[in-house]
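Participant: Per this note's numbering, residue 1217 is the first one in the sequence shown, and the count goes up by one each step.
The beta carbon of each residue, even a glycine, is placed where N, CA and C say it ideally should be.
Values in this document were obtained by computation on a predicted structure and should not be read as measured data.
Shown below is the structure under consideration.
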Amino acid sequence: MRFERESHGEWPPIGMVDGCGRTVTIRRLPGCGDLGPMAKPVNMAAVTQSASPLFLRESEIRRGIELLYFGNSHITRSIDRGLARQGLGRAHHRALYFIARKPDMPVSDLLALLAITKQSLGRVLNELIERGLVETRPGERDRRQRLLRLTPAGVELEASLYDALRERLSAAYSQAGQGAVSGFWAVLEGLIPPDEMPRVEALRKG
């Protein structure tokens, strides 16, 4: 959050809204370092560079590519430590995330969502099963089908990783505002081929 200098004096409680929409009160604690003047929050959306009307120019496209790269890099980096403690990586997290979203998901559906080879997915799933994070069972209609579900330990791990991602993303949403979030979603949806959108939308329906 950005701050502007306002006036000298004591630091009164500051009312702020967190990423979940709750109002929280922050008080300055003695001995925490005197930053001097009072500060007031500044809406980051007001200082973010606006897109040019010529947004299809190379410089604007490159800016989008760079922001996608660095944004994704930083948000995924926030969960790397938690994964490393379990001896896992980002591929394992992606599998955990989607299995959590759709319990009893067939392996074939997860394969389509992750868009990786059967060999790669098999290795990831075997490691998650060995660590007691994922369990499988036969399908009800087709006994050859393997359905995936998180174990209690898997649910706990995925929830902790989600909390770290939620904290980062909700802070960015709060700074940008509703209109910017809608535009962000629209751009990302535009990057997904139309024939894959039903699979993405199915995740929202639960």
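#1: Among the candidates L1327, L1341, T1352, whose CA atom is the shortest distance from the CA of G1305?
#2: Taking only three categories from DSSP, how would you classify P1409?
#3: Look at the Cβ atom of A1380, then the Cβ atom of S1289, and state whether they are nearer than 8 Å.
#4: With H, G and I counted as helix, E and B as strand and the rest as coil, what does DSSP make of R1362?
#5: Less than 8 Å between the CB atoms is what I'm expecting for A1311 and L1330, so what's the real figure, rounded?
#6: Using a Cβ-Cβ distance under 8 Å, would A1396 count as near chain C?
#7: To which residues of the same chain is A1328 closer than 8 Å at the C-beta, ignoring the five residues directly before and after it?
#8: Could you tell me whether the Cβ atoms of H1308 and E1343 are closer together than 8 Å?
#9: Applying the 10 Å Cβ sphere with the 16-neighbour rule, what's the burial state of P1246?
#10: Can you tell me which of L1363, M1413, E1372, G1399 puts its alpha carbon nearest to the alpha carbon of P1354?
#11: Go ahead and pull the three-state DSSP assignment for P1414.
#12: Give the secondary structure of P1269 by DSSP, where H, G and I count as helix, E and B as strand, and everything else as coil.
#13: Count the other CB atoms within 10 Å of the CB of S1275; is the residue buried (16 or more) or exposed (fewer)?
#14: Taking the alpha carbon of I1291 as the point to measure from, which residue in A1392, G1393, F1271, A1387 has its own alpha carbon closest?
#15: Quick check: what's the CA-CA separation for E1346 versus I1277?
#16: Quick check: what's the CA-CA separation for D1320 versus R1297?
#17: Going by DSSP, what residue range makes up the alpha helix (DSSP H) through P1368?
#18: Along the chain, where does the beta strand (DSSP E) containing T1292 start, and where does it finish?
Facilitator: Straight from the coordinates:
#1: Sequence index remark: in the sequence shown, residue 1305 carries index 89 (1-based). Nearest of L1327, L1341, T1352 to G1305, Cα basis: L1341.
#2: Within the sequence shown, the letter at position 193 stands for residue 1409. Residue state, collapsed to three classes: coil.
#3: As a position in the sequence shown, residue 1380 is number 164, starting the count at 1. As a position in the sequence shown, residue 1289 is number 73, starting the count at 1. Taking a C-beta distance under 8 Å as the contact criterion, A1380 and S1289 do not qualify as a contact pair.
#4: Numbered from 1 along the sequence shown, position 146 holds the residue referred to as residue 1362. Reduced to three states, the DSSP call for R1362 is strand.
#5: To locate residue 1311, count along the sequence shown from 1; it is residue 95. To locate residue 1330, count along the sequence shown from 1; it is residue 114. With 8 Å as the limit, A1311 and L1330 qualify as a contact, their Cβ atoms being about 7 Å apart.
#6: The structure shown contains no chain C; it is built from a single protein chain.
#7: The residue given as residue 1328 occupies position 112 in the sequence shown. So the qualifying residues of the chain are R1415.
#8: In the sequence shown, the residue the question calls residue 1308 occupies position 92. In the sequence shown, the residue the question calls residue 1343 occupies position 127. In this structure, H1308 places its C-beta atom within 8 Å of the C-beta atom of E1343.
#9: To locate residue 1246, count along the sequence shown from 1; it is residue 30. In this predicted model, P1246 has a pLDDT of only 38, less than 50, meaning its place in the structure is not dependable; the value taken from the coordinates is given anyway. Result: exposed.
#10: Taking the sequence shown and counting its residues from 1, the one referred to as residue 1354 is at position 138. Answer by Cα proximity: L1363.
#11: As a first step, residue 1414 must be located in the sequence shown, where it is residue number 198. DSSP places P1414 in helix when its eight states are reduced to three.
#12: Locating residue 1269 in the sequence shown gives position 53, where the first residue counts as 1. Reduced to three states, the DSSP call for P1269 is coil.
#13: Your numbering for residue 1275 matches position 59 in the sequence shown. Classification of S1275: exposed, given that the 10 Å Cβ count is below 16.
#14: The sequence position of residue 1291 within the sequence shown is 75, counting from 1. Closest by alpha carbon: A1387.
#15: For the purposes of this step, residue 1346 is taken as the residue at position 130 of the sequence shown. For the purposes of this step, residue 1277 is taken as the residue at position 61 of the sequence shown. Distance between E1346 and I1277, taken at the CA atoms: about 44 Å.
#16: Here residue 1320 is taken as the residue at index 104 of the sequence shown, counted from 1. Here residue 1297 is taken as the residue at index 81 of the sequence shown, counted from 1. Their backbone Cα atoms lie some 28 Å apart in a straight line.
#17: Residue mapping note: residue 1368 aligns to position 152 of the sequence shown, counting from 1. First-last of the alpha helix (DSSP H) with P1368: 1368–1392.
#18: Indexing the sequence shown from 1 puts residue 1292 at position 76. Run containing T1292: none in the beta strand (DSSP E); it sits in the alpha helix (DSSP H), 1274–1301.
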